[in-house]
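Numbering of the sequence shown is given in the numbering used here, commencing with residue 784 and proceeding in unit increments.
Beta carbons: idealized from backbone N, C-alpha and C, even for Gly.
Below is one structure, written out as structure tokens; the observations come after it.
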Amino acid sequence: MVALKGDSDIGNKINPQVIQPLINANSRLARSDFPDFKDPNKLGEGSAKVERRSNLIAIFQNPQLDFSKNRASTMISSAMFTNTLCGTFPARAARARTVLYAV
């Protein structure tokens, strides 16, 4: 996802290149578990589209969210990611420096 930041076609690429492989690799996930990154009604159009999606990705680049050495936290990190994407991500993406809350 990081490689797609700033890409004018970011919404069209996230769905097939990032979301779909996650769904294919995990039978517990469905397409309906994720937002449609191409949806202009939720994420805007033009430069606003690119900025919002890029800001959303930037939230998860925070080194404090690197749980790679803590196996139990992988589930928490995934839950935070899914909750942010499916819950309040448009508002949070608009405020790129927001604080994330674990659910």
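Rounded separation between residue 886 and residue 816 - CA only
Reliability fails at residue 886, whose pLDDT of 41 lies under 50, so the model's placement of it is uncertain and the value that follows must be treated cautiously. Near 16 Å, if we compare the C-alpha coordinates of residue 816 and residue 886.
Tell me the DSSP secondary structure of residue 882 in three-state form.
In this prediction, residue 882 has a pLDDT of 47, which is less than 50 and means its spatial position is unreliable; nothing more can be read from the coordinates.
Look at the alpha carbon of residue 787 and the alpha carbon of residue 810, and state the distance between them as a whole number of angstroms.
Approximately 26 Å between the Cα atoms of the pair.
Tell me whether the beta-carbon of residue 760 lies closer than 8 Å to the beta-carbon of residue 837.
Summary: the structure shown does not reach residue 760, with the chain confined to residues 784 through 886, and so no result is reported for it.
Sorted by chain position, which residues of the same chain lie with C-beta nearer than 7 Å to residue 823's C-beta, five sequence neighbours on each side aside?
Cβ within range, chain order: 832.
For residue 818, the three-state DSSP class (helix, strand or coil):
Coil.
For residue 839, which option in 818, 814, 806 and 853 has the closest C-alpha, if you only look at C-alpha atoms?
The candidate whose alpha carbon is nearest that of residue 839 is 818.
Could you check the C-alpha separation between residue 805 and residue 812 for me, to the nearest Å?
Taking the straight line from one Cα to the other gives about 8 Å.
Alpha carbon to alpha carbon, what distance is there between residue 852 and residue 821?
Roughly 33 Å separates the two Cα atoms.
Along the chain, where does the alpha helix (DSSP H) that runs through residue 826 open and close?
Here the alpha helix (DSSP H) through residue 826 covers 823-826.
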